[in-house]
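Residue numbers (UniProt numbering): 1 to 86.
Glycine is no exception: its CB is placed at the ideal position from the N, C-alpha and C atoms.
What follows is a short report on a single structure.
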Amino acid sequence: MPGLTMRPAIFDPFGERLDLRPGQEAACASAARRRPVRTRRIVGAVLFWALAAGLITARGVFFDPSTAFGPDAPARVAATQAPVLR
1 MPGLTMRPAI FDPFGERLDL RPGQEAACAS AARRRPVRTR RIVGAVLFWA
51 LAAGLITARG VFFDPSTAFG PDAPARVAAT QAPVLR
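What follows is the structure, encoded as structure tokens:
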């Protein structure tokens, strides 16, 4: 295969590998590598929001106000003599 030679890997100061292939070939390779990252990010965001919506829905469906602060919460609140601000 003419034109394919092994070159030593070259890294930037942050440890990222530099792609030294010429022109179109390098652009296609970087776009192909970038696509799965974007897909994973979208899938991750969808899973996060689905989980958040499920938790909020479950909280709303199974919420029991009488046990939110204990069964005697209304009596405790009524027994306190908090000053009324006017």
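In this structure, DSSP gives residue 40 a helical state, which the three-state scheme calls helix.
Under DSSP, residue 17 takes part in a beta bridge, and its partners are 11. Linking residue 35 to residue 44 through their CA atoms gives a straight-line distance of about 14 angstroms. Residue 80 sits in coil when the DSSP states are folded into three classes, being neither helix nor strand. By the criterion of a C-beta distance shorter than 7 angstroms, residue 11 is surrounded in its chain by 17 and 18, once the five residues flanking it on both sides are discounted. Straight across, the Cα-Cα distance linking residue 52 with residue 61 is about 14 angstroms.
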